[in-house]
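Numbering (full-length UniProt numbering), first residue to last: 1 to 233.
This is how it looks when you write it as structure tokens:
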């Protein structure tokens, strides 16, 4: 049996060279953007391990209105980073329970924000090997925001990446890093065989079509690959 090894260096060779951008330039751009339309991001994290990748953020394990009021007040009073993590643990729930919990959290966050004149944005964080209640959770968040505020969601940006753990997306394909600079498409790993959240596609556009059962065709998915990002578009 022939075993074909894909090397990360070979995959990256098809794209423009990495552009070195000073960290301070990025920080200044983010600050300027926030000044124009300041928002606090509410991150709904479906698994307790998610906080390992963040620092200096408020983290909630409860989500009553009072809990969000505390978090928003803390952020403003201490001028900390404008985001709060909510540990929802919904990956362990069935779809109906996960949907109900997402709706409750978004409603309570919006209620606290309205009382404190705070503008919010929402992030749905899930597994970097593509397991989780997708597209259910983003759908529920968008529907709840629309129901409570009248604001529609124009689109959902999917960012499948956790480089420190070896999960990267190149050319619209999600990979796991292996030994000696190798890459394995995530659909070829044991994670794709998950009993609850299994999938067959590593190409993100096809993954979206698969998990949405055709509601979002692959042809409608816009892939912002390294050709676009490194060209500065």
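Cβ coordinates follow ideal geometry from the N, Cα and C atoms, glycine included.
query: Just checking, does the segment 138-148 make contact with the segment 187-201 on the three C-beta pairs under 8 Å criterion?; result: no
query: Identify every residue that forms a DSSP beta bridge with residue 185.; result: 175
query: With distances taken between CB atoms, is the gap from residue 112 to residue 72 smaller than 8 Å?; result: yes
query: Identify whether residue 238 lies in helix, strand or coil by the three-state DSSP scheme.; result: No answer is possible for residue 238: it lies beyond the span of the chain, which begins at 1 and ends at 233.
query: Excluding five sequence neighbours on each side, which residues of the same chain lie with their C-beta closer than 8 Å to the C-beta of residue 89?; result: 46, 47, 48
query: How is residue 215 classed by DSSP in three states: helix, strand or coil?; result: coil
query: Please list, in chain order, all residues of the same chain as residue 162 whose beta carbon is under 6 Å from its beta carbon, the five residues on each side excluded.; result: 128
query: Whose CA, out of 107, 53, 185, 16, lies closest to the CA of residue 66?; result: 107
query: If you reduce the DSSP assignment to three classes, tell me which class residue 45 lands in.; result: strand
query: In angstroms, rounded to a whole number, what distance separates the CA positions of residue 2 and residue 188?; result: Annotation note: pLDDT 48 at residue 2 (below 50); position unreliable, no value reported.
query: Just to confirm the assignment: which complete beta strand (DSSP E) runs, minimum length 3, are found wholly within the segment 46-105?; result: 58-60, 83-87
query: When you compare the CB of residue 85 with every CB in chain C, is at least one pair closer than 8 Å?; result: Judged by its chain identifiers, the structure shown contains no chain C, having just a single protein chain.
query: On the CB-based measure, 16 or more other CB atoms within 10 Å of its CB, does residue 202 come out buried or exposed?; result: buried
query: Taking 6 Å as the limit between beta carbons, can you name the residues of its chain near residue 156, skipping five residues before and five after?; result: 138
query: What are the residues that DSSP puts in a beta bridge with residue 7?; result: 182
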